[in-house]
Amino acid sequence: MFSKKLKNNTKNQFGSDQLQPELMPKHIAIIMDGNGRWAQKRHLPRVAGHKQGMEVVETITKAASDLGVKVLTLYAFSTENWKRPAGEVNYLMDLPVTFFNRFVPELIKHDVRVNVIGDTSKLPQKTQTAVNNAIEQTKDCQGMVLNFALNYGSRTEIVGAVQTIAQDVATGKVDPAQIDEQLFSSYLMTDSLQPNGDPDLLIRTSGEQRLSNFLLWQIAYSELVFTDVYWPDYQPQNLVDDILAFQQRDRRFGGIQVKEGENKNK
Ligand code: IPE
Ligand code: IPE
Ligand code: MG
């Protein structure tokens, strides 16, 4: 019951009492960007930004869970991020190991279940082990799903879905006439998040206003919020502000807004 949670845990803490529980986004996806610039601004190595960014993942996960969010998807490593210097990539591959070692007990306490999208088979063995252990240890949690996008790229995901559908057509498992939006979605990595596979709200930090190959199919009707805050500076208050911005949007899904008391069929 998130209305109770709102009252008990977060009321007045970050202005969350202004949030309308009935308009809470069920699935929030975040492009956590700006770690490198945060560090550079402080004359620190880029990896210092990633370290601080990991702390923020913990804080924001708890805040989102307390607010009653059902799915929090965090873009942690893209299929394009392999282009970075080896030292930075290695550091990023160690982060899930540190993160899960430290935070799995906290996640369990918050009833948070870990899920991953992306091709984890290309990650170093130690990273795969940390991820798989976290998934296993939290598998019975019934609260929010903390969904990490790790070695994730939306185009790879879509091409993979097309390949599998083509194979299923070739073996007679799928009739081409059956292929519709719902069937296609069921071949995407976000299928395990159903009925909340598509984000209601997509947030990108750091001032960049692009998608960088993230959830291209799934965000067809998401509300987009771009904030200038660098991810290592992102606070629960920023999350509440971004959700408030979301709640002020008029989501029409291609229809028209019907004012109260007005007949829709007129
Ligand atoms: C986001 O921060 C983290 C990852 C992409 C892994 P960046 O590392 O992209 O930080 P900036 O954009 O260079 O500041
Ligand atoms: C997107 O950020 C990927 C993640 C946050 C993991 P990038 O920093 O890699 O994206 P670009 O290069 O600015 O588009
Ligand atoms: Mg970046």
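Residues 1 to 266 in UniProt numbering are what the sequence shown spells out, letter by letter. For glycine and all other residues, C-beta sits at the position ideal for the given N, C-alpha and C.
Please identify the residue among the options whose C-alpha is closest to the C-alpha of residue i.
{"i": "S154", "options": "A220, H110, H27", "result": "A220"}
{"i": "G36", "options": "E223, K173, M54, F246", "result": "M54"}
{"i": "T133", "options": "G160, A86, Q142, V116", "result": "Residue 133 is actually Asn in this sequence, not Thr. Taking only the C-alpha atoms, the option nearest N133 is V116."}
{"i": "L72", "options": "F148, V225, V159", "result": "F148"}
{"i": "V114", "options": "Q125, S65, P124", "result": "S65"}
{"i": "T61", "options": "Q257, G197, Q237", "result": "Q237"}
{"i": "M32", "options": "F214, G87, K139", "result": "F214"}
Hey, is residue i close to ligand 1, as in C-beta under 7 Å from one of its heavy atoms?
{"i": "D200", "result": "no"}
{"i": "S206", "result": "yes"}
{"i": "residue 268", "result": "Any answer about residue 268 is impossible in this case: the structure gives the chain only from 1 up to 266."}
{"i": "N81", "result": "yes"}
{"i": "G87", "result": "no"}
Could you check whether the Cβ of residue i sits closer than 7 Å to any heavy atom belonging to ligand 2?
{"i": "S78", "result": "yes"}
{"i": "N115", "result": "no"}
{"i": "R210", "result": "yes"}
{"i": "Y234", "result": "no"}
{"i": "Y91", "result": "no"}
Starting from residue i, follow its DSSP beta bridges and name the residues at the other end.
{"i": "E223", "result": "L201"}
{"i": "N115", "result": "N147"}
{"i": "Y234", "result": "Answer is none; Y234 lacks a bridge partner."}
Is the Cβ-Cβ distance between residue i and residue j less than 8 Å?
{"i": "I30", "j": "Y75", "result": "yes"}
{"i": "T190", "j": "Q218", "result": "yes"}
{"i": "S78", "j": "S212", "result": "yes"}
{"i": "T127", "j": "P96", "result": "yes"}
{"i": "L150", "j": "V112", "result": "no"}
{"i": "Y230", "j": "S206", "result": "yes"}
{"i": "V240", "j": "F14", "result": "yes"}
{"i": "F246", "j": "P25", "result": "yes"}
{"i": "I108", "j": "Q142", "result": "no"}
{"i": "T164", "j": "Y187", "result": "yes"}
{"i": "residue 274", "j": "L19", "result": "Because the chain is modelled from 1 through 266, residue 274 falls outside the range shown and cannot be assessed."}
{"i": "V56", "j": "P199", "result": "no"}
Ligand 3 and residue i: does any heavy atom of the ligand fall closer than 7 Å to the residue's C-beta?
{"i": "D33", "result": "yes"}
{"i": "G153", "result": "no"}
Would you please verify whether the beta carbon of residue i is less than 8 Å from any beta carbon of chain D?
{"i": "E22", "result": "Looking for chain D here will not work: only one protein chain is present."}
Which ranges would you report for the alpha helix (DSSP H) in the segment 17-77 if only whole runs of at least 4 residues count? 35-41, 46-67
Tell me the start and end of each unbroken beta strand (DSSP E) in the segment 127-183 that is at least 3 residues and wholly inside, in chain order. 145-152
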